[in-house]
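Residue numbers for the sequence shown, in this note's numbering: 6 to 425. Glycine included, C-beta positions come from ideal geometry on N, C-alpha and C.
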Amino acid sequence: MLNRAAIHAAITRQIGDGMGGFAVMVMRILDLRLIALRFGSACGEQAEACVGQLIADSLRPADTVLQSSDETFVAMLPGLHNRNHVLLAIAKLAAVFEQPHVVADDTPPWQTRAIIGVALFPEDGADADALWRNAQSAADDAQRRGDQYAFHDPHSARIHIDYHDLRDSIAANRLATYFQPIWNLAQQRIVGVESLARWTSRAQRPVEPEDFVTFAEQNHLISALTRWSIHSTLRHASALLRTPDFLLAINLSPQALSHGGVVEQLLDALNIWGISPTAVVAEVTETALARDMDMAVQALRRLRDRGVRVAIDDFGVGYASITYLSKFPVSELKIDKSLVASIASDARGAKLVESIIQFAHNLGLWTTAEGIEDDATQRRLLEMGCDLGQGYHLGRPEPADDFIARYAPRAAVAEAAAGK
Ligand code: G
Ligand code: MN
6 MLNRAAIHAA ITRQIGDGMG GFAVMVMRIL DLRLIALRFG SACGEQAEAC VGQLIADSLR
66 PADTVLQSSD ETFVAMLPGL HNRNHVLLAI AKLAAVFEQP HVVADDTPPW QTRAIIGVAL
126 FPEDGADADA LWRNAQSAAD DAQRRGDQYA FHDPHSARIH IDYHDLRDSI AANRLATYFQ
186 PIWNLAQQRI VGVESLARWT SRAQRPVEPE DFVTFAEQNH LISALTRWSI HSTLRHASAL
246 LRTPDFLLAI NLSPQALSHG GVVEQLLDAL NIWGISPTAV VAEVTETALA RDMDMAVQAL
306 RRLRDRGVRV AIDDFGVGYA SITYLSKFPV SELKIDKSLV ASIASDARGA KLVESIIQFA
366 HNLGLWTTAE GIEDDATQRR LLEMGCDLGQ GYHLGRPEPA DDFIARYAPR AAVAEAAAGK
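The structure is reproduced here in structure tokens:
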């Protein structure tokens, strides 16, 4: 049941009470939707009611819990006016979700995970709408980072993004496409590029991709941004893909994937530019995949069926990666730069990366290390058998045209030398 009006009213009532600070908590229960999909809607409703009750039981009688969508609950927690108070409530909730739930006698116990976003009154919003939205985007932050919870961050650059500015920039092609080289570590040569979007706002401020991509996801701009990114990337890349076996990695937001249409857009665009689907690697992050898994998996399958490769981006910083791997039609893992950075300094970190590479190879997957910043790390990765590498040490992201101007003539010479 969608409870928008009831939630607004409850938050507004809390503000009107004049009792001072309180917390608004958004709880997104991962996989709750899947219960209805797998076992039918009656069972799904039972599961939702059961989870709602568990949440209410773990909070105090004075707290209010409302369901806001088929996987999301909102709680108002009066009297909690600082983060430490809220952390206690989060710890209690977390304990509840550590146990598998028994939904009905004839279905297996179900394990879910709660992602929590928190906004505090009065500092994080003066009205119900602002508080609720800020709690939701905190939950998005937590989910994106693979954390269990996040507080609203008033310093986030995202807050300063102007919707019209971003929308118009996308429409007017004012974003830039950068390419960062991908190296084959054993052959010590460039075998592809990752396409990265860059945006400078009207205020002449460069905005971090993470911020404007998240903003686009939250404001119905992600389809437009993805369409722009696909076309801009392919337009530039068509000059490179005459080189045989050249790889083109494109980041796809799981949100865009699950909204549908992206697969067809990408395949159509490849057709228009005369680029083989087998030259393309679609990169998706594992943490964000959890959100709309069924839709995203279907989309990825359709891409794989046409020969597009699929990489799990930022691998190793999310959770449940191993379970997801059995469900996703994946062809490679991109090991997150935080793990790669630990190789040089930390023996355990190095062991972990080595194990991930072996594990990927056992599953028949390629491995790419991202964030290689020095020679020692690059050499260690080669010894570990890592296939591909990327990072400031091997080449920074640069405007696609600059990369092409340098790289394409060299590739042509190499091709001529090879007698092609
Ligand atoms: O999420 P994804 O892995 O697609 O992010 C790639 C980002 O990492 C890009 O924005 C790029 O600028 C950045 N990046 C690329 N190479 C390096 C590196 O060697 N070190 C660091 N810290 N960041 C890098
Ligand atoms: Mn990437």
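C-alpha gap between residue i and residue j, whole angstroms
| i | j | result |
| --- | --- | --- |
| residue 19 | residue 362 | 52 Å |
| residue 205 | residue 167 | 12 Å |
| residue 142 | residue 247 | 42 Å |
| residue 258 | residue 126 | 32 Å |
| residue 94 | residue 64 | 7 Å |
| residue 213 | residue 73 | 30 Å |
| residue 102 | residue 92 | 15 Å |
| residue 146 | residue 414 | 42 Å |
| residue 230 | residue 203 | 11 Å |
| residue 406 | residue 67 | 60 Å |
| residue 209 | residue 194 | 36 Å |
| residue 165 | residue 211 | 12 Å |
| residue 389 | residue 129 | 47 Å |
| residue 378 | residue 215 | 20 Å |
| residue 366 | residue 399 | 23 Å |
| residue 171 | residue 412 | 31 Å |
| residue 90 | residue 163 | 26 Å |
| residue 374 | residue 385 | 11 Å |
| residue 51 | residue 11 | 21 Å |
Candidates the options: closest to residue i by CA position
| i | options | result |
| --- | --- | --- |
| residue 282 | 235, 317, 263 and 162 | 235 |
| residue 368 | 383, 381 and 332 | 332 |
| residue 57 | 42, 75, 47 and 41 | 75 |
| residue 31 | 310, 86, 354 and 137 | 137 |
| residue 273 | 156, 313, 301 and 303 | 313 |
| residue 278 | 348, 304, 245 and 119 | 245 |
| residue 118 | 36, 178 and 409 | 36 |
| residue 86 | 159, 327 and 124 | 124 |
| residue 120 | 140, 330 and 144 | 144 |
| residue 191 | 401, 372, 411 and 403 | 372 |
| residue 139 | 160, 151, 152 and 153 | 160 |
| residue 397 | 51, 185, 334 and 269 | 185 |
| residue 303 | 275, 269 and 53 | 269 |
| residue 106 | 55, 387 and 251 | 55 |
| residue 276 | 264, 311, 299 and 251 | 311 |
| residue 8 | 79, 232, 22 and 395 | 79 |
| residue 135 | 29, 150, 152 and 88 | 29 |
Own chain residues within Cβ distance below 6 Å of residue i, not counting five before or after
| i | result |
| --- | --- |
| residue 14 | none |
| residue 392 | 371 and 372 |
Check whether residue i and residue j have beta carbons under 7 Å apart
| i | j | result |
| --- | --- | --- |
| residue 182 | residue 200 | yes |
| residue 77 | residue 33 | yes |
| residue 17 | residue 133 | yes |
| residue 3 | residue 345 | Outside the displayed range of the chain (6 to 425) lies residue 3, so it cannot be described from this structure. |
| residue 337 | residue 370 | yes |
| residue 339 | residue 318 | yes |
| residue 176 | residue 227 | no |
| residue 381 | residue 349 | yes |
| residue 114 | residue 27 | no |
| residue 285 | residue 253 | yes |
| residue 256 | residue 288 | yes |
| residue 394 | residue 188 | yes |
Residues near residue i by beta carbon distance below 7 Å, same chain, minus five either side
| i | result |
| --- | --- |
| residue 224 | 168 |
| residue 409 | 241, 244 and 245 |
| residue 325 | Here the model assigns residue 325 a pLDDT of 49, short of 50, so the residue's position is not dependable and the matter cannot be decided. |
| residue 131 | none |
Neighbourhood of residue i by C-beta distance below 8 Å, restricted to the same chain and skipping five residues each side
| i | result |
| --- | --- |
| residue 173 | 179 |
> Fully enclosed by the region 262-290, which beta strand (DSSP E) runs are 3 residues long or longer?
Replying inline: Inside the region 262-290, DSSP marks whole beta strand (DSSP E) runs of 3 or more residues at positions 285-290, from first to last along the chain.
> What alpha helix (DSSP H) runs, 4 residues minimum, are completely inside the region 153-206?
Replying inline: 168-176
> Taking only runs of the beta strand (DSSP E) that begin and end inside the region 318-357, which ones reach a length of at least 3 residues, in chain order?
Replying inline: 337-340
>> If we require 4 or more residues per run, which alpha helix (DSSP H) segments fall completely within the region 79-123?
In response: Complete alpha helix (DSSP H) runs here, min 4: 88-103.
> What are the start and end residues of each continuous beta strand (DSSP E) run of 3 or more residues lying completely inside the region 20-60, in chain order?
Replying inline: 27-35
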